[in-house]
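According to mature numbering (1 follows the signal peptide of the UniProt record, and there is no 0), the sequence shown holds residues -21 to -1, 1 to 176 in order. Note that CB positions come from ideal geometry on N, CA and C, so glycine has one too.
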Amino acid sequence: MKNLFLAASAAAALIATPAFAQVGPETEIYAGGSVGYHDIESLDLSDFGATGTLDVDGLVYGGFAGVKIGGEGNVFYGVEGNYMAGSDAIDAEYGVAALVGTKVGVADLYVRSGYQLVDFDTEFLANEGADAFAMTGDDRNAFIVGFLDGFGDDDKAEGWLVGVGADVGLGNFMLRGNVDTIEFDSLRVSAGVGIRF
């Protein structure tokens, strides 16, 4: 986290630097929206006496904003933040990442690494679990209360994010696609549209 803070501070300092001191392509500030699917985990319920799986996944949608700073040749560096609301098992997710990439024609191809937090919808998961065990009435209510008590206030997951992406320029606008994983345990695929300032 400390390294990400230092990278963000360095990026902010470079933005404030006069244009004649920049090397390579100009600094680019951008923002946009994206939508995707995040598959976090699938629990095998046969270990607990039920059939099927309990999927911890959902659609995610929200915004991103960042800055890219030109380096030598076509290389660029950047830092980006994101916040996304979710559906099903995911309440929300948010984080920050550093990027390094290269410009190929109108496209920016990059890899990124950062830190991401995911807030779970524990009530959704509790109800899905109760459905998997075909629980009704008082048994269902007791299961849901026990499930939620088990989570307590710890309804988040967090970890290092790594991924790849491409931003394709269309004038001041861009189309983007990303594939990311958190701790190599999840898979998130997303697409979006942004504007470059």
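- Taking a cut-off of 8 angstroms on C-beta distances, the segment 104 to 121 does not touch the segment 135 to 143, as fewer than three cross pairs fall below it.
- In this structure, the alpha-carbon of Val54 lies about 6 angstroms from that of Gly80.
- The beta carbon of Thr101 sits closer than 8 angstroms to the beta carbons of Phe126, Leu127, Phe130, Asp134 from its chain, once the five residues preceding and following it are set aside; these are given in chain order.
- Taking the Cα of Glu162 as reference, the smallest distance to any Cα among Ser92, Asp98, Tyr56 is reached at Ser92.
- Less than 9 angstroms separates the beta-carbon of Gly57 from that of Ala77.
- Beta-bridge pairing by DSSP links Arg175 to Tyr9.
- Gly37 sits close to Asp67, with the two beta carbons spaced by under 9 angstroms.
- Counting only residues of its own chain and dropping the five nearest sequence neighbours on each side, Ala64 has a CB closer than 8 angstroms to the CB of Val39, Tyr40, Gly41, Asp70, Ala71.
- The beta carbon of Lys47 lies closer than 6 angstroms to those of Glu7, Phe55, Gly57 in the same chain, with the five residues before and after it left out.
- Within the same chain, Cβ atoms closer than 8 angstroms to the Cβ of Leu33 are found at Ser21, Leu22, Leu24, Leu104, Glu107, Gly108, Ala111, the five residues on either side in sequence being excluded.
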